[in-house]
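Note that the working numbering numbers the sequence shown so that position 145 is 497, with each residue one more than the last.
Just below is one structure, and these are the notes that go with it.
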Amino acid sequence: MMGKIIFYEDKNFGGRHHECMSDCADLHSMFNRCQSIRVVSGMFMIYERPNFMGHQHFLRKGEYSDYMRMLGMNDCVKSCRMIPMHRGNFRMRLYDRSDMGGQMMELDDDCPNCMDRFRMSDFNSCNVMDGHWLMYDQANYRGRHYYLRPGQYHRYSDWGGMSSKIGSIRRIMDL
353 MMGKIIFYED KNFGGRHHEC MSDCADLHSM FNRCQSIRVV SGMFMIYERP NFMGHQHFLR
413 KGEYSDYMRM LGMNDCVKSC RMIPMHRGNF RMRLYDRSDM GGQMMELDDD CPNCMDRFRM
473 SDFNSCNVMD GHWLMYDQAN YRGRHYYLRP GQYHRYSDWG GMSSKIGSIR RIMDL
């Protein structure tokens, strides 16, 4: 199933709009500002800067009539990434050092509190083998979050992190 997201320049789905059905690395030329969003189908990450950089926010199917107020973001949406459906297993390896070095912990389900589960919260690299994940900088799926798809992340900056502190991790699943 394909995803579809519509960005509107004004609140309550008014003004010019732009539709996306796939990743878009640079929305700069499509609209001046974004004050409401409708996710018609699928799940997306939106980013405040081009090329999937800067603050990011996860959106699933729904209407965000005043997304700046609802999500605490400014009106700068400069790129978006569609999150594909994953129906198989989930598996990720977390490392306390860069370049997949040091102590390794494996995860195959949600983790609401990394400190409770692993007795640590500093992760400097990871390898996502299966599934799509969200990492949060605070426990209980709060705070800034980062989208990780299958692949190797040699340092926390590769997933957009500002530090190596991770409080919780959740699988992205269609509910």
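The beta carbon of each residue, even a glycine, is placed where N, CA and C say it ideally should be.
These numbers come from a predicted model, not from an experiment.
{"Item": "Could you give the distance in angstroms between the alpha-carbon of Cys428 and the alpha-carbon of Arg445?", "Value": "33 Å"}
{"Item": "Rounded to a whole number of angstroms, what is the C-alpha to C-alpha distance between His409 and Arg494?", "Value": "12 Å"}
{"Item": "Less than 7 Å between the C-beta atoms of Met382 and His369, yes or no?", "Value": "no"}
{"Item": "Quick one: grab the DSSP three-state call for Cys428.", "Value": "coil"}
{"Item": "Could you check where the beta strand (DSSP E) with Arg496 kicks off and where it finishes?", "Value": "Arg494 to Leu500"}
{"Item": "Note down the Cα distance separating Tyr505 from Cys432, rounded to an integer number of angstroms.", "Value": "20 Å"}
{"Item": "Taking Asp362 as the reference, give the member of Asp418, Tyr399, Met354 and His438 with the closest Cα.", "Value": "Asp418"}
{"Item": "When the Cα atoms are used, what is the spatial distance from Cys376 to Ile398?", "Value": "10 Å"}
{"Item": "Do you know how far the Cα of Cys463 is from the Cα of Ile435?", "Value": "20 Å"}
{"Item": "Evaluate the contact criterion for the region 453-468 versus the region 505-516: three or more CB pairs, one atom per stretch, below 8 Å.", "Value": "no"}
{"Item": "Residue ranges of each alpha helix (DSSP H) run of no fewer than 4 residues wholly in the region 370-446, ordered along the chain?", "Value": "419-423"}
{"Item": "Can you tell me where the alpha helix (DSSP H) with Met467 in it begins and where it stops?", "Value": "Cys466 to Phe470"}
{"Item": "When the distance is taken between beta carbons, is Ser450 closer than 7 Å to Tyr488?", "Value": "no"}
{"Item": "Since Arg507 and Asn465 are thought to touch, with beta carbons under 8 Å apart, how far apart are those beta carbons, to the nearest angstrom?", "Value": "Not confirmed; about 23 Å, so no contact."}
{"Item": "If we ignore side chains and look at the alpha-carbon of each, how far apart do Asp510 and Phe396 end up?", "Value": "19 Å"}
{"Item": "For the candidate residues Leu411, Asp482, His407 and Cys386, whose alpha-carbon lies nearest to that of Val392?", "Value": "Leu411"}
{"Item": "Nearest CA to the CA of Asn384: which residue from Gln455, Cys372, Tyr360 and Met452?", "Value": "Tyr360"}
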